[in-house]
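Q: The structure under discussion is supplied below as structure tokens; questions concerning it will follow.
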Amino acid sequence: MDLLINVFVALHIIGIASLLGGFLTQMKAMGPGTARFTPAMLHGALTMLVTGVALVGLNQADDQTVNNVKIGIKLALLVVILALVYVKRDEE
2 MDLLINVFVA LHIIGIASLL GGFLTQMKAM GPGTARFTPA MLHGALTMLV
52 TGVALVGLNQ ADDQTVNNVK IGIKLALLVV ILALVYVKRD EE
């Protein structure tokens, strides 16, 4: 079970790296106002959502304690980010 949890943690970190990398590539375009939400940002947010839910389920199945308030706040923030990226992905 620990190996599976570690795999999902690695995938979760790859998701945040993709989201952050997509943001950092658009930093230069923010000045002229031509920045866009890249597909990497959308895929990173979706990866984080899926692996985060899987991590919570795996940790609860392994009888580890999960702070539901913290997970709820993280989930709400990620859903807001995902909604923004999904809705605004074609606009400058």
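Using the working numbering, read the sequence shown as starting at 2 and increasing by one per residue. Backbone N, C-alpha and C fix where the C-beta goes; we use that ideal spot for every residue, glycine too. Just so you know, these numbers come straight off a predicted model, no measurement behind them.
Near residue 30, what residues of its chain come up, given a Cβ to Cβ distance below 7 Å and the 5 sequence neighbours on each side ignored?
A: Your numbering for residue 30 matches position 29 in the sequence shown. Here the set comprises 36.
Q: Find the nearest neighbour of residue 5 within the set 62, 47 and 23, judged by alpha-carbon distance.
A: In the sequence shown, the residue the question calls residue 5 occupies position 4. The shortest Cα separation from residue 5 among 62, 47 and 23 belongs to 62.
Q: Quick test of the definition: if touching needs 3 or more C-beta pairs under 8 Å, does the region 16-24 touch the region 48-57?
A: Yes: the two stretches touch, three or more of their Cβ pairs being nearer than 8 Å.
Q: What does the Cβ neighbour count give for residue 28, buried or exposed, with the cut at 16 atoms within 10 Å?
A: Here residue 28 refers to the residue found at position 27 of the sequence shown. Classification for residue 28: exposed.
Q: What residue does the alpha helix (DSSP H) around residue 66 start on, and which one ends it?
A: Taking the sequence shown and counting its residues from 1, one reaches residue 66 at position 65. Note, residue 66: premise wrong, no alpha helix (DSSP H); not H, not E.
Q: Pick helix, strand or coil for residue 9, following the three-state DSSP scheme.
A: For the purposes of this step, residue 9 is taken as the residue at position 8 of the sequence shown. Three-state result, residue 9: helix.
Q: State the DSSP-derived secondary structure class of residue 40, mapped to helix, strand or coil.
A: Position 39 of the sequence shown, counted from the start, is the residue given in the question as residue 40. Note: residue 40 maps to helix in three-state DSSP.
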